[in-house]
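Presented below is the structure to which this report refers.
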Amino acid sequence: MTAIAFPLSLTLAYAGILLICLGMQRHWKQLAHPRLPAQLRPACALLGAASLALAVYTCSFIWHPGMAWVAWFGMISLAGLALLLLLPYSTRMALGLPVAGAALCGVAAVWL
Amino acid sequence: MKQRSLTQSMSWLHTWCGLLLGWVLFAIFLTGTLAVFDRELNVWMQPELPTRAVNQTLAAETAQRWLEREHPQATSWNIGLPTERAPSLSVSTGEQRRGVRTLLDAQTGEVLEARQTVGGNFFFRFHYTLHTPRNIGIWLVGFAAMAMLVAIISGIIIHKKIFKDFFTFRPAKGQRSWLDGHNASAVLLLPFHLMITYTGLVIFFLIYMPAALDVLYDGNRQAMQRDARAGSVQQQATAAQGEGRAVRGENTQAGGQRGEGRGEGGQRRGEHPVENAPLPPLADFIAKGEAHYGAGMLSALSVSNPGKADARVTVRPLLGSRIELTKGESLVFSAVTGKVLQAPPPSGASQLTQRVMAGLHFAQFGGYPMRWLYFICGLVSCVMIASGLVLYTVKQRKQAKGSRTFLNIAERINIASVAGLSVACVALLWANRLIPAELIGRGQWETRVFFGVWALSLLHAALRPVFVAWREQFYAAAALCLALPLLSLLNTFPMDGMRVGVEVTSVALGLLLGWLAWKIPASARSAPARKPRAARLAGAEQ
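Respectively, the protein sequence lines represent chains A and B.
Take any residue in the first sequence, note its place counting from 1, add 157, and you have its number in this note's numbering.
Take any residue in the second sequence, note its place counting from 1, add 1470, and you have its number in this note's numbering.
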């Protein structure tokens, strides 16, 4: 667990930020599939918050609680920046990154 | 005078605070970011030293053998143990900070010769002194840090749509993009910017705000620190016995106790000779220290009065087992009996607060994953500052009124302080390999190269057209970063993980700098394409 906790935390932090971003009107229009009902928007924000909370939990596998919080702040900040940079260039990549991250963690978990 | 709105006056404050101190702040942030890996750079800059992992027990045995043979009469020995980030064994005699360090091969006990170098410590020291005399530097940096706080707060006030524009970035739109990039790198990393700036100020709180110390303790720092420690009452009493540190108090007491039998009670040690007593193996104290600090958490041993009956062994921990910065903390044993004479007292609430803040700034905790987070966050801070500096010139260039002369000067200084400093930093690493290893005063030459290159970058920026100068200097920095591994091919020193890591990081930074340079257009006219550099910077220098 500790070996994949770092990439997993990063993935969760990014996914959380992405979902919160989807919860915003402007970005929902930009990112969500047009056929998705708009009622899903608040649910995304909620799910995002949950994902961020989960990221603190996975951080605590690597660090003591105090340090985990410090790292968590760093991770969500950098995840937000990564999303910001991806958005104008490739929405597909912005949406696909957490999937790729999760897949990577899965492979690592099986392999290790 | 015309009444200005809050936003207007804050905007004015943000611009001037940010621009005038931004030049200094960029240097502070960039060197601070590099100093995250100061030890790794130290290792890279002394390629002669082996870095294979050596266990500390063996190293302590080796050091003890060498010191007993070479310096049996010394009043104190200091042993720097090999650790994960500083894998060499060093010994010195005399006062801990003053003595000349000798490097030993931990296995054979042979003296190792390594080149003299300023090492990664250069960046660390520059970060808080700007290479001026220490106290002046600390004040200058403190002033810049205050300006940074002012810029952060005023920046928040003048930012119109913090939450709405949270994830908004529109590249290739000129000034718009620069503003987006500056805002985003500032807002998304706001916790980091605030934390690193504020905690930076807290480290030297006694220098910046000595009033309370002067009034309550008559300027006696040690008296204040004694009170700040929670420690048991008994410990405070012993500490108060000696006039200075608790260690000294214990020392006198221990000496006195032993002396009683010989009728020396109450007299100071040193006036009468103390019996000789063989020093037990120092390796034993590693286990004892680890029992207190945890396995692998020791950084140094020192022995006072080795070979005497009142010998004491001090065990120093590695920083970073917790956030709290425990610099200078130690565990003192009687060498002969092996008993703990003094354990570090736990911090009281106020001291703990200060030390946790200092620890947050020093980033010694949490191992390499944390170090990388700090490093990347630090780079984004640099980008934030740099994009702000560029934003000023982009804005001014569009305005018809206003002084062209000042704009021109600002642009040149921007180039030298952002691109020029990057070149100078990597030039320091080149100097480390190219200056002959035997040269006397080598460290000074390395420093001269650093400042020489930086000065040349200013000259270059002054002589070349603005955009060309930006481009050439970034290309120079990129080329030096990319070619850094070639330097290691010139000699035959064995490579290892840590040094390879330094070079890989350098290549990655080189690629980003190169891309940055490539995206800068030849002139302002050919340039909507130039504008999204804020974004690229934001992504790039990471």
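Positions of the beta carbon are idealized from the N, C-alpha and C atoms, including for glycine.
None of these values were measured; they are calculated from a predicted model.
Closest option to V1864(B), judged by alpha-carbon separation, among N1884(B), G1808(B), S1851(B), N1775(B): N1884(B). Taking L1899(B) as reference, the option from L1600(B), Q1577(B), K1634(B), E1510(B) with the minimal CA-CA separation is E1510(B). Neighbours of M1840(B) across chain A, judged by C-beta separation under 9 Å: I219, W220, M224, V227, A228, G231. Sorting A236(A), L169(A), W220(A) by C-alpha distance to the C-alpha of A210(A) places L169(A) at the top.
Here T1587(B) is not near M1679(B), since their CB atoms are 8 Å or more apart. Close partners of G237(A) in chain B (Cβ separation under 9 Å): F1636, F1637, A1654, V1657, L1658, L1659.
Around Q1824(B), the same chain offers V1672, F1675 as residues with beta carbons nearer than 7 Å, after the five sequence neighbours per side are excluded.
Our two residues, R1474(B) and W1924(B), have alpha carbons roughly 40 Å apart in a direct line. Here K1797(B) carries a coil assignment [DSSP, helix/strand/coil].
Here DSSP, grouped into helix, strand and coil, assigns S1546(B) to strand.
Residue state for R1934(B) is assigned as coil, using DSSP reduced to three classes. When beta bridges are read from the DSSP output, N1746(B) appears opposite K1778(B). Residue pairing by DSSP puts Q1812(B) in a beta bridge opposite V1802(B). The three-state secondary structure of V1657(B), taken from DSSP, is helix.
Contact between L175(A) and L1659(B) is ruled out by a C-beta separation of about 18 Å, above the 8 Å threshold.
Between the alpha carbons of L1768(B) and R1555(B) lies a gap of roughly 12 Å. I1793(B) has a beta carbon lying within less than 8 Å of a beta carbon in chain A. At a cut-off of 8 Å between beta carbons, P1641(B) contacts chain A.
Using a 10 angstroms sphere on the CB of Y246(A), the tally of other CB atoms stays under 16, which defines it as exposed. Per the C-alpha coordinates, the member of D1966(B), L1960(B), A1946(B) positioned closest to G1984(B) is A1946(B).
With contacts defined by Cβ atoms closer than 8 Å, S1558(B) and T1572(B) do not form a contacting pair. Taking 8 Å as the Cβ-Cβ cut-off, the region 1840 to 1869 of chain B approaches chain A at M1840, L1843, Y1844, I1846, C1847, V1850, given in chain order. The criterion of a C-beta distance shorter than 8 Å is not satisfied by R1882(B) and L1957(B). DSSP, reduced to helix, strand and coil, places A1556(B) outside both helices and strands of the structure shown, so it counts as coil. For T1572(B), the enclosing beta strand (DSSP E) covers residues 1572 to 1574. Within the region 170 to 182 of chain A, those residues whose Cβ lies closer than 7 Å to any Cβ of chain B are, in chain order, C178.
Contacts with chain B at 8 Å (Cβ-Cβ) include P245(A). Using a 10 angstroms sphere on the CB of H190(A), the tally of other CB atoms stays under 16, which defines it as exposed. According to the DSSP secondary-structure assignment, L241(A) is paired through a beta bridge with no residue. Residue environment: E1580(B) is assigned as exposed (fewer than 16 neighbouring CB atoms within 10 Å of its CB, all protein chains considered).
Neighbourhood of S208(A) in chain B, by CB distance below 9 Å: empty, with the nearest CB roughly 16 Å away.
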